[in-house]
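J.: In our numbering, the protein residues as written are 47 to 353.
For glycine and all other residues, C-beta sits at the position ideal for the given N, C-alpha and C.
All figures in this text were calculated on a predicted structure; none of them were measured in a lab.
1. Can residue 328 and residue 318 be called in contact, C-beta distance under 8 angstroms?
2. Mind checking whether residue 85 and residue 68 have CB atoms under 8 angstroms apart?
3. Between residue 135 and residue 87, how many whole angstroms is the CB-CB distance? I'm expecting something under 8 angstroms.
4. Is residue 156 buried or exposed, if buried means 16 or more other CB atoms sit within 10 Å of its CB?
5. Can you list, in chain order, the stretches of the alpha helix (DSSP H) that have 4 or more residues and sit fully within the stretch 266-293?
6. Buried or exposed for residue 163, please, with buried defined as at least 16 other CB atoms from any protein chain shown within 10 angstroms of its CB.
7. For residue 240, report the span of its alpha helix (DSSP H) as first-last.
8. Checking contacts by CB at 8 angstroms: is residue 234 closer than that to chain D?
9. What alpha helix (DSSP H) runs, 4 residues minimum, are completely inside the stretch 142-193?
10. Strictly by DSSP, which residues pair up with residue 246?
11. Need the endpoints of the alpha helix (DSSP H) that residue 117 sits in, please.
12. Take residue 154 as the anchor and find which of 55, 275 and 296 has the nearest alpha-carbon.
13. With respect to the beta strand (DSSP E) encompassing residue 210, which residues constitute its N-terminal and C-terminal limits?
14. Helix, strand or coil, according to DSSP, for residue 83 in the structure here?
15. Nearest CA to the CA of residue 244: which residue from 167, 117 and 129?
16. Short of 7 angstroms in beta carbon distance, which residues of its chain neighbour residue 331, apart from the five on each side in sequence? Order them along the chain.
17. Name the one or two DSSP bridge partners that residue 89 has.
18. List the whole-angstrom C-beta distance separating residue 240 from residue 211, where the pair is believed to meet the contact cut-off of C-beta under 8 angstroms.
19. Just list the residues that DSSP pairs residue 324 with in beta bridges.
20. What is the DSSP secondary structure of residue 255, counted as helix, strand or coil?
21. Verify whether the separation of the beta carbon atoms of residue 252 and residue 152 is less than 8 angstroms.
22. On a Cα-Cα basis, can you pick out the residue from 229, 292 and 150 that is closest to residue 269?
23. Excluding sequence positions up to five away, which residues of its chain have a Cβ less than 6 angstroms from the Cβ of residue 266?
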């Protein structure tokens with residue numbers, strides 16, 4: 047069967063999102079040039095009966111038989127919602143869309159073209175990152191294809207769930223989202239997919255990602271919990287590449303500095319020194335972190351002086 051004729055399952059997970067933003071996501075899927083779709087809106091806010099009814103009425107108003115509503119019995123988090131969507135999916139391929147992101151019309155069509163052979167388990171693409179209404183920037187991932195296991199050890203070079211399209215049978219081999227993780231859930235799945243299949247980069251910008259302040263990446267506890275479990279899961283790989291392991295720990299320390307969690311930053315830097323004492327990253331990342339704080343402090347003082 048030609049990939050362009052295949053059924054694609056789309057899972058949109060939603061939680062406490064304003065209805066008009068969820069509608070933007072749904073409509074971006076309905077406008078896809080690849081029309082052989084089944085679309086599941088998985089509602090992870092069962093305690094709000096009024097909102098549940100509003101979402102159901104919104105879906106019904108589209109009068110599109112491809113759209114289905116799934117309400118969770120209890121709040122389980124985004125990964126629980128995605129896994130429930132996977133259980134209902136019948137498609138040859140599956141795509142995930144966060145409720146505050148949206149796709150450009152050819153996203154699925156172009157990504158399907160990336161599955162040039164059966165060995166490819168997932169494709170990924172660049173996206174437009176929107177920080178506010180006046181700031182749009184195209185983010186281009188690592189642009190590599192093939193075995194990305196080692197590339198992913200450095201950092202999540204693929205991006206989030208909205209940027210990918212996955213061959214459904216691969217999830218039966220490598221598993222679904224790890225619901226025990228508070229962060230790095232997509233990163234963890236990409237790593238498992240990379241170890242059991244090839245991954246293909248498709249150079250088509252088909253996703254709009256909207257930055258938000260309530261992102262899980264701004265939660266210190268969740269960020270550290272997910273990162274530490276991820277490192278532990280793939281310890282056997284990191285031990286083969288001490289330079290990458292050192293880099294990864296230093297990078298996490300840098301992120302902690304940016305989040306002003308200095309105690310955690312110091313702990314990561316100590317771990318990095320233990321992994322590889324003579325490494326340029328032991329100087330580079332702490333310098334970048336504290337330089338970032340210095341710039342913010344100077345800007346605040348200049349702003350206060352002007353005021």
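T.: If we stick to the structure as given:
1. yes
2. no
3. Not confirmed; about 13 angstroms, so no contact.
4. buried
5. 266-279 and 281-284
6. exposed
7. 231-242
8. Chain labels in this structure do not include chain D; a single protein chain is all it has.
9. 153-158
10. 169
11. Unbroken run through residue 117 is the beta strand (DSSP E), 113-117; no alpha helix (DSSP H).
12. 55
13. 210-213
14. strand
15. 167
16. 296, 297, 299 and 300
17. 60 and 117
18. Their Cβ separation, rounded to whole angstroms, is 15 angstroms, which puts residue 240 and residue 211 out of contact at 8 angstroms.
19. DSSP lists no partner for residue 324.
20. strand
21. yes
22. 229
23. 305 and 307
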